[in-house]
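Chemist: There's a structure below that I have some questions on.
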Ligand code: ADP
């Protein structure tokens, strides 16, 4: 298992010194509330100017920009699903966000990446289910020697931290024989 490469960090994602931070953006990619607003405020107007050239982003996909005034060199903007009760493919779409982010990280040789709890704010995705998806997809991306050396899960509040801790306690290995 590569869980040693997954860290839970409390605080504000805009202050983290990593190669890339992930933004929980919306389809327009033109800024918004929550973590999106915080990232745009910290990065400065260059980020919005570059985002305007991207033509938006569909739910479940991700696009990369530079980090401008952020400590991070890149911002990966991904659009999580709005929670509508769980029957509208929300879990698959959230998993897709993490996969697309890891694919962009690989393409840009990103060695350290920090994620917010995508979709769990205004978009209403249950924190525990979202954390389980985040950890499952991260473990898949870190299989063997693949993936970034460090993956940080930003815990903006206590519920997020507890959700990640619970998800990490769930062993990803298939059950072995009962001895
Ligand atoms: P979404 O619309 O995808 O739900 P939000 O920004 O509303 O996005 O919330 C996503 C998560 O980011 C929530 O857990 C929220 O508490 C957290 N969050 C908000 N601001 C920050 C920040 N500055 N740094 C890290 N996480 C943040």
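Numbering (our numbering), first residue to last: 41 to 219.
We treat Cβ as the ideally placed atom computed from N, Cα and C, and that holds for glycine.
Please read all numbers here as calculations on a predicted model, not as lab measurements.
Give the DSSP-derived three-state secondary structure of residue 68 in the structure shown.
Modeler: Residue mapping note: residue 68 aligns to position 28 of the chain shown, counting from 1. Assignment of residue 68 by DSSP, reduced to helix, strand and coil, places it in the coil class.
Chemist: Hey, quick one: how far does the alpha helix (DSSP H) through residue 148 stretch, first residue to last?
Modeler: Locating residue 148 in the chain shown gives position 108, counting from the first residue. Premise fails: residue 148 is in no alpha helix (DSSP H) and is neither H nor E.
Chemist: Which residue comes first and which comes last in the beta strand (DSSP E) that contains residue 94?
Modeler: By 1-based counting over the chain shown, the position of residue 94 is 54. It is not in any beta strand (DSSP E) - residue 94 carries neither H nor E in the DSSP assignment.
Chemist: Going by DSSP, what residues sit across from residue 195 in a beta bridge?
Modeler: Locating residue 195 in the chain shown gives position 155, counting from the first residue. DSSP lists 50 as partners of residue 195.
Chemist: Can you find the residues in the same chain that come closer than 8 angstroms, C-beta to C-beta, to residue 131, ignoring five residues on each side of it along the sequence?
Modeler: Translated into the one-based positions of the chain shown, residue 131 becomes position 91. Here the set comprises 169 and 173.
Chemist: Since residue 70 contacts residue 116 with CB under 8 angstroms, what's their CB separation in whole angstroms?
Modeler: Within the chain shown, numbered from 1, the residue matching residue 70 stands at position 30. Within the chain shown, numbered from 1, the residue matching residue 116 stands at position 76. Contact flag wrong, Cβ pair sits at about 16 angstroms.
Chemist: Only counting the same chain, and skipping five residues up and downstream in sequence, which positions put a Cβ closer than 8 angstroms to that of residue 123?
Modeler: By 1-based counting over the chain shown, the position of residue 123 is 83. So the qualifying residues of the chain are 130, 159, 163, 164, 165 and 166.
Chemist: Between the Cα of residue 103 and the Cα atoms of 90, 110 and 109, which residue gives the shortest distance?
Modeler: Numbered from its first residue, the chain shown carries residue 103 at position 63. Answer by Cα proximity: 90.
Chemist: How many whole angstroms separate the CB atoms of residue 154 and residue 58, which I take to be in contact at a CB cut-off of 8 angstroms?
Modeler: Against the chain shown, residue 154 aligns to sequence position 114. Against the chain shown, residue 58 aligns to sequence position 18. Contact flag correct, Cβ pair sits at about 5 angstroms.
Chemist: Can residue 194 be considered in contact with the ligand ADP, in the sense that its beta carbon sits closer than 7 angstroms to one or more heavy atoms?
Modeler: Position 154 of the chain shown, counted from the start, is the residue given in the question as residue 194. True, at least one ligand heavy atom lies under 7 angstroms from that Cβ.
Chemist: Does at least one heavy atom of the ligand ADP sit under 7 angstroms from the Cβ of residue 64?
Modeler: On the chain shown, residue 64 is found 24 positions in, with the first residue counted as 1. It does: the Cβ of residue 64 is within 7 angstroms (strictly closer) of some heavy atom of the ligand ADP.
Chemist: Residue 83 and residue 109: beta carbons closer than 8 angstroms?
Modeler: Position 43 of the chain shown, counting from 1, holds the residue named residue 83. Position 69 of the chain shown, counting from 1, holds the residue named residue 109. Result yes, Cβ atoms of residue 83 and residue 109 sit closer than 8 angstroms.
Chemist: Using a threshold of 7 angstroms, is the CB atom of residue 136 nearer than that to any non-hydrogen atom of the ligand GDP?
Modeler: No copy of the ligand GDP appears in this structure; the ligands present are the ligand ADP.
Chemist: In whole angstroms, what is the alpha-carbon distance linking residue 188 and residue 199?
Modeler: Residue mapping note: residue 188 aligns to position 148 of the chain shown, counting from 1. Residue mapping note: residue 199 aligns to position 159 of the chain shown, counting from 1. For residue 188 and residue 199, the distance between alpha carbons rounds to 26 angstroms.
Chemist: Output yes or no for whether 8 angstroms exceeds the beta carbon distance between residue 175 and residue 133.
Modeler: By one-based count along the chain shown, residue 175 stands at place 135. By one-based count along the chain shown, residue 133 stands at place 93. Residue 133 sits away from residue 175, with the two beta carbons spaced by 8 angstroms or more.
Chemist: Please determine whether the Cβ atom of residue 33 lies at a distance below 7 angstroms from any heavy atom of the ligand ADP.
Modeler: Any question about residue 33 goes unanswered here, given that the chain covers just 41 to 219.
Chemist: Are residue 119 and residue 65 touching if we call contact CB-CB under 8 angstroms?
Modeler: Translated into positions along the chain shown, residue 119 becomes position 79. Translated into positions along the chain shown, residue 65 becomes position 25. Contact: yes.
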